[in-house]
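In what follows, a structure is listed as structure tokens, so that the remarks can point back to it.
2 protein chains.
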Amino acid sequence: MNATRLDRTFAALADPTRRAILARLAAGEAMVNELAKPFAISAPAITRHLNVLERAALIVRERDGQFRRCRLNPQALQAASEWLDFHARFWSESFDRLDEHLKKTIKPRKPHVDRKPKRR
Amino acid sequence: MNATRLDRTFAALADPTRRAILARLAAGEAMVNELAKPFAISAPAITRHLNVLERAALIVRERDGQFRRCRLNPQALQAASEWLDFHARFWSESFDRLDEHLKKTIKPRKPHVDRKPKRR
DNA sequence: TGAACAATTAACATATAGGTTAAATGAATG
DNA sequence: CATTCATTTAACCTATATGTTAATTGTTCA
Chain C
63 MNATRLDRTF AALADPTRRA ILARLAAGEA MVNELAKPFA ISAPAITRHL NVLERAALIV
123 RERDGQFRRC RLNPQALQAA SEWLDFHARF WSESFDRLDE HLKKTIKPRK PHVDRKPKRR
Chain D
63 MNATRLDRTF AALADPTRRA ILARLAAGEA MVNELAKPFA ISAPAITRHL NVLERAALIV
123 RERDGQFRRC RLNPQALQAA SEWLDFHARF WSESFDRLDE HLKKTIKPRK PHVDRKPKRR
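If you want it as structure tokens, here you go:
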């Protein structure tokens, strides 16, 4: 409960329909109408997906007469992109360290006997 | 249903507990035991989170005697990172194009009358 | 103004997520 | 070999996600 911005961003990106909608919007703004076209789901289902994207601040909607115009919020990917970039880099460094460590200490097979027995 | 790799990656990253586990693992491999420590949730709940991370290929688990050692799969962030990088870049270009377009055409207020009436 | 269209909300069904406690499994050890 | 510890599985609960159809809202225009 009480999801953060990053939570909502990643959750929004976890659905292929929503990623496809975003990909379409990257080519330019569009009406709900047109966004719905490629998908075999009902209009209310599309509205829900757009709500999710909007709550994640990934898109902005504005009324244009009878229609509703959707466009990307280009800043929204920032946080998620930074999280991933940082970790992608950090992880490989971490892996390199491990790799080096393994090369130095060839299978020490330390059996973790460093536990204190519990008195009772 | 039938989630793709990217679906699973983003879904796994959408939970703060799991991101914290990943952040811990970036500092080096750890036993389930230790991963669980910072969290006020039960051991089975941790196991479930680890299952999610493993299904998303973000971590690898291997038995080490009584324990189970967890470590990152550094390649796993690749796909998600690429998706985000690509779109983050593409989006801002898209935004620039829109911006330029708006500067050229100062509020045309085109009312979208290009619809064909449906005969019946 | 009323029919038609765009989009949303309401009400509902079902699946999945994420948590719990209790029981089971597998390894270490006195 | 019986006990303890680490971890998982089983069974269950509740909230949320994602879809549906029917009804509602707001806009256009003949």
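First to last, the protein sequences are chains C and D.
Here my numbering is used: the first residue of the first sequence is 63, the next is one more, and so on.
Here my numbering is used: the first residue of the second sequence is 63, the next is one more, and so on.
C-beta atoms are modelled at their ideal positions from N, C-alpha and C, and glycine is treated no differently.
This one's a predicted model, so the numbers in the text were calculated from it and none came from an experiment.
With 16 other Cβ atoms within 10 Å as the buried cut-off, status of residue i
i                : result
Pro100 (chain D) : exposed
Arg67 (chain D)  : exposed
Glu91 (chain D)  : buried
Ser143 (chain C) : buried
Arg125 (chain C) : exposed
Ala89 (chain C)  : exposed
Ala107 (chain C) : exposed
Pro136 (chain D) : buried
Ile121 (chain D) : buried
Ile83 (chain C)  : buried
Opening and closing residue of the alpha helix (DSSP H) in which residue i lies
i                : result
Phe129 (chain D) : Premise fails: Phe129 (chain D) lies in the beta strand (DSSP E), Phe129 to Leu134, not in any alpha helix (DSSP H).
Ala105 (chain D) : Ala105 to Arg117
For residue i, the first and last residue of its enclosing beta strand (DSSP E)
i                : result
Ile121 (chain D) : Ile121 to Asp126
DSSP state of residue i mapped onto helix, strand, coil
i                : result
Ala76 (chain C)  : coil
Arg98 (chain D)  : In the sequence as presented, Arg is not what sits at residue 98 (chain D); that position holds Ala. Helix.
Ala89 (chain D)  : coil
Gln137 (chain C) : coil
Thr66 (chain C)  : coil
Supposed contact pair residue j and residue i - C-beta distance, whole angstroms, cut 8 Å
i                : j                : result
Trp145 (chain C) : Leu134 (chain D) : About 15 Å separates the two Cβ atoms, so there is no contact after all.
Arg123 (chain C) : Arg131 (chain C) : 7 Å
Ala118 (chain C) : Arg151 (chain C) : Not really, about 24 Å apart at Cβ, beyond 8 Å.
Leu139 (chain C) : His149 (chain D) : 6 Å
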